[in-house]
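Chains as they are written, first to last, in numbering that gives the first Met the number 0: chain B, 0 to 821; chain Z, 0 to 165; chain S, 0 to 297.
Report on one structure; see the data block that follows.
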Amino acid sequence: MSQTGEAGTEAEAEADVETDDGTFVGTGLNRVEDHRILTGEAEYIHDITPEGCLHMALLRTTHARADIVEVDTSGAEAHPECELVLTGEDVAAEYNPMPSGLSGIEEWALARDSVKFVGEPVAMVAAPDRYVAEDLLDMIDVAYDTQDPIVDPVDARRDDEVVHEGLGTNVPDEEEFVFGDVDAAFREADTVVENQYSWGRISGVPLETAGVVAEYDTERDRFDIDCNIQLHTLVDDTVYEPLGYDPGDVSLSVPPDVGGSFGTKIAIHRYCVLAAIASKKLDGTPVKFVEDRIENLQGGDMHSSDREYLVRLACDDDGTIRGLDVNFVDDFGAYPRYPVNQTLKPLAVLTNAYDIEHVRYNYELVLTNKTAQTAYRGFGVPPHLYALEMAIDEAAREAGIDPYELRQSNLIGPDQVPYTLPSNNVYDSGDYPGALAELKDTVEREERTEGGLLDPEVVTQQREEGKYRGVGYSVHIEPGVSGSDWTDRQRTDRETLAERSREDVAELPEYLQGSVDEDGTVVVYLATDTSGQGHQTILKQLLADELDLLPSDIEVSYLDSAEAPTEYGTAASRMAVMLSGAAQGLAGEFADNFERLAAAHWDVDRTDVSYRDGAVHRANSDETLSLADLAAIDEDYQESLTAAEYAYDHPASDVEAFDEAFTQKYPVYPTAAFAANAPIVEVDIETGAVEILKFYSLRDCGTQLNPTIVEGQAMGGLAQGIGAALLEEFSYDDSGQPQAITLFDYLLPSVTNVPEMELLHTETPSPFTPTGAKGTGEGGMIDGPASIAVAINRALEPFDVVVDEIPATPHRLRRKLRDADE
Amino acid sequence: MSTDTTTDRPTREISVTVNGEEVTAEVEPRLKLSDFLRNYVDLGSVRVGCEHGVCGACTVSVDGDIAKSCLMYAVQLDGKEVTTVEGISEAGSLHPIQEAFHEEHALQCGFCTSGFIMSAREFLAENPDPTRAEIKAALADNICRCTGYQNIFDAVERAADNMEGD
Amino acid sequence: MKPAAFEYHSPETAEEATELLADLPDAKLMAGNQSFGIIMSNRLATPDHVIDISDIEGLRYVDVGDDAVEIGAMTRHADVEHSDDLAEVLPLMPEAAQHIAGPAVRNRGTVGGTLGEADPAGNHSCTLLALDAELAVASADGERTIPIDEYFLAYMLTAVEDDELITSVRVSREAFPVERTGMRFTVEKRAAQTWPTLGASAVVRVDDPDADEPVIEDARLSFANAADVPLRTHDAEAEVTGEPLSEGLLESVADTVYDAVEPQDEMHADETYKRELAATFARRSLATAYDRAQGLDE
């Protein structure tokens, strides 16, 4: 089992301060994780180096598309410190391909006959240190027969040439959804606006790269793999299947501290598999791999959504939106990995916060010679909201209506929630028009007054200098707490869904287990992994309330993939809600067990004992049994009653409103956190540079378990939204060469790019979840990009510019302004 | 990290004062300072995020000036002094900057945190009463992917207040 | 991202360094290593010998004399940034130094290193070009000077020979009397950590700073990342010389600059955009420099 990583008594003591209501949930409890990180004691995967460990390095191709003619490893093998060299053929001879997100495509941990993207690994080496390992890579010669790469996803659809010969097409998956009478809506509307929008290839790029230390146990024929994979208890199949072992024989263990993931590290299985194979080949010598930054940016299997949109909006002259028609091409690179359903998740927020009945949604998943996609915060939703909001802005201009008014008049009203979308997901609660109005009032009051950023005098003065200010108001839904059943829709025969019954729906739970130490400490084990979200802190808060304990009475640790059942884990803004349910359930099990144990001990009826205030009390007596007492007593019993486990299913499972979505495998996201945003931007029209002067955001994620952590998630998400909107992009040139392989070119938001943020919070509890909490781990990244683009549109309204390409880089805005000038 | 090499690559003996303690080691000239501190001296606070001088996670203090340890070689440190996060406070206690980072929730995943602390430490030593703009400029060598920076700026402000008179 | 093996040398004087350069085959000089270290990590550079000159104390100084300013090659960006003397007589240099990455990089990176690397986007290369600096270089065979306008030959290729070491740069103060000279460095950097998309240095000397419309006696205008070398635009300079600066003149200089620069396409800055940026920055830098020459500031 992993260690807790906990340290520091100061953190413990301060953790024991309740809210005025006497609860720990709802306090901005400082995190118990901090102390070990601040002092450098935290052990991330990069810090784990067992004695005698060898280091792995990967030879990666520099060609986007080529056949491998020959791999000559003799030079490396002749080196005195070379411990191992493996090629694709070596792997294929004994192991299995890696799982694919779609059928009919085979991907190997090392390329076999051909390479399909720059950065694809062709060979691996192991040596006593990474420096020598890289020396060895220089001694391997690969002969290639190169071909023209397939780079443009729109052209790739013609299948003139295909990425995968056996597949015969570059469009292995597509689907059209029609809800309502879309044709009629468009036919009858006063106006139809139609435009194309482009969302550049971006990703999470956590500060810590992927890492793995694999050790093969020669006696037991099994693997222990330490790594920073995300969802280790869910995606362990991506490791044990290629290895050809049973789940119980491949244990994935994730350190308590992971240096960020944002979805990207779900897909680091290639490294885990190769390090494991190497360790087995080396008779159990541990093998370590740390991805370097160039590997990570260029071919680390971690790019995300890369979309070209065509959006049509049917609108009446009075501003009523009648219909929406969304079409997009998503460039998945060379291999469609597990997150193929990033194309589907937008169905969970199909019309954002607008009440639109008639909607068409059509996607094409396209393969090209680029790095494969992984997940990134928001999982395909941010581009959808961006494209939709741009269309709304164009419609407002076309109709001559203030975009605030047009948005306001089409929002779903508070009397309409719970609101069922045409695509069958349900928004749980919220007053979207109210939130937008409140935010606008605040901004107008604070800023459109003397001395404010939008002081009319200042705005005019700045314009004379060529600096155009604008504020855009928009409201966005963050779908939270994904179900799991729908996620294999693309690997399901969709024809059969019509006859599917509700009983066939199988969800994945969130699992907790716990026990009581002899000193009475409750030790709880998470089955998920954590990459900065503060789960140890939040679980302590939840359980302290449920068990009438102090947070310092509870210790939180982690299970590895072999110990834990298959369950879901940290993704899709799930944990606030899932841990709420799991903690309640586990506490219930604990209390029940404690009472049974006490009753047996006192030899009284169950009804004569009750658990409260951290002890079991005996009726009509002063006798109590503390948790330490119970732990001592428990040793005499065969079945441990101071241990408990609980698997919390899913909040939507018992809500009838979701039945249609469940059975039809439409994305089920039972919480709708929301944000009304108003970034204030200034565009230098001569340079095209955008400065965000301040970012106002009114956010509501239901009950806030820990307001400090909620705000941290919001601000961090918004910063990533700023990166997506203005800075970040993995471009490729015509020869398939990636253009951003260092952090000089892939621009993460720096201190100069992120403005002061004014966050307002409201709390509209979810009726569907145990604590009223809603998922909110992805919010800012989901709503940030679209709202920044809305603000830029407002600033550049005099030039009739609409941001039709993300990131809205200075040269792209200049191109549009230049055209507008002429 | 293997220290006994069977090939004839050059090595050098170096003597470095690390967090007040003298460390002597035989190293290859190509060994980066970041790898030396992590693998030879076992200083886990030195995080390696990019190895090309952008992210700042490996920032340490060399003879009193901050530097990115991925862009120095251990051989360059012969006879010099290095300070890392492990050396800025007594065991078991927190430096006012660390304290402020905790209070302001200025870290999430924490991978960048050591670098920010080292940058802030040098900055506050020279600018005990900084403006917000000066704080931002002082942290321009460090990237945080989680927090959106505002809490980090707040933490450095708080630390400056708490350190007043030190 | 680990470098290939190399032998390390740390001479204590410039003379020792030049002797090593003369004696060692396949040797490279290492200054602050803030750029060289990256290409070493990528193995785009794999020299057998690395000569570390960063700690040669005799090469780290800022000497502001009555006639000239001399800066040792191993002077750090931070030294330039914080030099009160430079701020007084050549304020362009500290202003440009501030825009180089962040404090940690500026603590290590050097003026000589920037010049030696000769990246067309280097801030010091741009400012020193505008200031008409002269480079002092040394080899085992002796010393020589190279005027900066003969120094940058082609993309990252310079007039310094493989066995030579830049020891200092010297700027004559004659052309820049403090009381009637204004300077301005303008740059676009999309994020703190990256290179400039484009930078512009302007230096303006006026006849009479107290006049209503002082006439420009001398003007310098140079650009970072606007061509394959740091670029000075003599035609544009000539255009503003002998006139008071007016809006009309600025517009016309901007047009000249637009045509004079020879930028390359980059991922997020195509050629046309960079021409526009150069024109805009020429205008802005000149206008501010002109104001500063009159003792006015923004």
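By construction, the Cβ of each residue, glycine as well, lies at the ideal position given by its N, Cα and C atoms.
Computed from a predicted structure; not experimentally measured.
Can you tell me where the beta strand (DSSP E) holding residue i begins and where it ends?
i, result
"Leu323 (chain B)", "320-330"
"Tyr201 (chain S)", "Checking the sequence shown, residue 201 (chain S) turns out to be Ala, not Tyr. Where Ala201 (chain S) is concerned, the enclosing beta strand (DSSP E) stretches over 197-205."
"Ser514 (chain B)", "509-515"
"Glu55 (chain B)", "The displayed chain sequence assigns Met, not Glu, to residue 55 (chain B). Segment 53-59, the beta strand (DSSP E) holding Met55 (chain B)."
"Glu20 (chain Z)", "20-26"
"Cys271 (chain B)", "Taken as a continuous stretch (DSSP letters only), Cys271 (chain B) belongs to no beta strand (DSSP E), being part of the alpha helix (DSSP H) at 268-280."
"Thr824 (chain B)", "For chain B, the structure presents residues 0 to 821; residue 824 (chain B) sits outside this window and is missing."
"Asp234 (chain S)", "No beta strand (DSSP E) holds Asp234 (chain S); the alpha helix (DSSP H) holding it covers 233-239."
"Lys27 (chain S)", "26-29"
"Met123 (chain B)", "120-126"
Assuming residue i and residue j are in contact, meaning their beta carbons sit under 8 Å apart, how far apart are those beta carbons, in whole angstroms?
i, j, result
"Glu710 (chain B)", "Leu758 (chain B)", "6 Å"
"Pro421 (chain B)", "Phe178 (chain B)", "3 Å"
"His475 (chain B)", "Asp220 (chain B)", "Rounded, the Cβ-Cβ distance is 51 Å, inconsistent with contact."
"Tyr645 (chain B)", "Leu585 (chain B)", "4 Å"
"Ala724 (chain B)", "Glu187 (chain S)", "In fact, because the Cβ distance is near 18 Å, the residues do not count as touching under 8 Å."
"Thr770 (chain B)", "Leu704 (chain B)", "7 Å"
"Val121 (chain B)", "Val70 (chain B)", "7 Å"
"Asp223 (chain B)", "Asp216 (chain B)", "7 Å"
"Ala73 (chain Z)", "Phe110 (chain Z)", "Between Phe110 (chain Z) and Ala73 (chain Z) the Cβ distance is about 22 Å, and since that is not below 8 Å, they are no contact."
Leaving out the 5 sequence neighbours to the left and right, which residues in its chain are closer than 6 Å to residue i when beta-carbon positions are compared?
i, result
"Asp3 (chain Z)", "Residue confidence is low: Asp3 (chain Z) scores 43 on pLDDT, short of 50, so the model does not pin down where it sits. Its coordinate-derived value is still stated next. No residues qualify anywhere along the chain."
"Leu296 (chain B)", "Ile740, Tyr745"
"Ala139 (chain S)", "Thr17, Glu18, Ala21"
"Asp153 (chain Z)", "Glu103"
"His231 (chain B)", "Leu251, Val253, Asp528, Ser560"
"Glu42 (chain B)", "Pro254"
"Gly108 (chain S)", "Gly31, Gln33, His76"
Could you check where the alpha helix (DSSP H) with residue i kicks off and where it finishes?
i, result
"Arg183 (chain S)", "That residue, Arg183 (chain S), is in no alpha helix (DSSP H); its beta strand (DSSP E) goes 180-187."
"Asn792 (chain B)", "778-794"
"Leu387 (chain B)", "380-398"
"Arg501 (chain B)", "Looking at the DSSP string, Arg501 (chain B) is not in any alpha helix (DSSP H), and its letter there is neither H nor E."
"Trp601 (chain B)", "574-601"
"Arg35 (chain B)", "33-37"
Could you pull out every residue in the same chain whose Cβ sits closer than 8 Å to the Cβ of residue i, ignoring the five residues on either side in sequence?
i, result
"Asp128 (chain Z)", "Ala159, Glu163"
"Asp799 (chain B)", "Arg396, Ala819"
"Thr157 (chain S)", "Leu114, Gly115, Ala117, Tyr150, Phe151"
"Pro246 (chain B)", "Asp235, Asp236, Tyr239, Ser560, Ala561, Thr565"
By Cβ distance, which residues of its chain are closer than 7 Å to residue i, with the 5 residues on each side in sequence left out?
i, result
"Ala288 (chain S)", "Gly181, Met182, Arg183, Ala201, Val202, Val203"
"Glu76 (chain B)", "Val84"
According to a CB-to-CB cut-off of less than 8 Å, which residues of the segment 100-131 of chain Z neighbour chain B? Phe100, His101, Glu102, His104, Leu106, Gln107, Cys108, Gly109, Phe110, Cys111, Thr112, Ser113, Ile116
What residues in the segment 292-304 of chain B have a beta carbon less than 9 Å from any beta carbon of chain S? Arg292, Ile293, Glu294
Chain S contacts from the segment 805-820 of chain B (Cβ-Cβ distance under 9 Å): Pro806, Thr808, Pro809, His810, Arg811, Arg813, Arg814, Arg817
For the segment 38-57 of chain B, which residues have a beta carbon sitting closer than 8 Å to at least one beta carbon of chain Z? Thr38, Gly39, Glu40, Ala41, Glu42, Tyr43, His45, Asp46, Thr48
Determine which residues of the segment 110-124 of chain B have a Cβ less than 7 Å from any Cβ of chain S, and write them out in chain order. none
Just by C-beta distance, which residues in the segment 84-99 of chain S are closer than 9 Å to chain Z? Gln97
Cβ-based contacts, 8 Å cut-off: residues of the segment 192-216 of chain S near chain B: Gln192, Thr193, Trp194, Thr196
Ignoring anything shorter than 4 residues, give me the alpha helix (DSSP H) runs that lie fully in the segment 81-154 of chain S, in order along the chain. 83-88, 91-96, 102-107, 110-116, 122-129
Along the segment 418-440 of chain B, where does the CB come closer than 8 Å to a CB of chain S? Name the residues. none
Pull out every residue of the segment 135-163 of chain Z whose Cβ sits closer than 7 Å to any Cβ of chain B, in chain order. Lys135, Leu138, Ala139, Ile142, Arg144, Cys145, Thr146, Gly147, Tyr148, Gln149, Asn150
Hey, which unbroken runs of the beta strand (DSSP E) at 3 residues or more fall wholly within the segment 712-791 of chain B? 755-761
What are the start and end residues of each continuous alpha helix (DSSP H) run of 4 or more residues lying completely inside the segment 81-107 of chain B, in chain order? 87-93
Any residues in the segment 189-216 of chain B with a beta carbon nearer than 7 Å to a beta carbon of chain Z? Which ones, in chain order? Val204, Pro205, Leu206, Glu207
In chain order, each alpha helix (DSSP H) run of at least 4 residues that lies wholly inside the segment 598-628 of chain B: none
Residues of the segment 135-155 of chain S in Cβ contact with chain Z at a cutoff of 9 Å, in chain order, please. none
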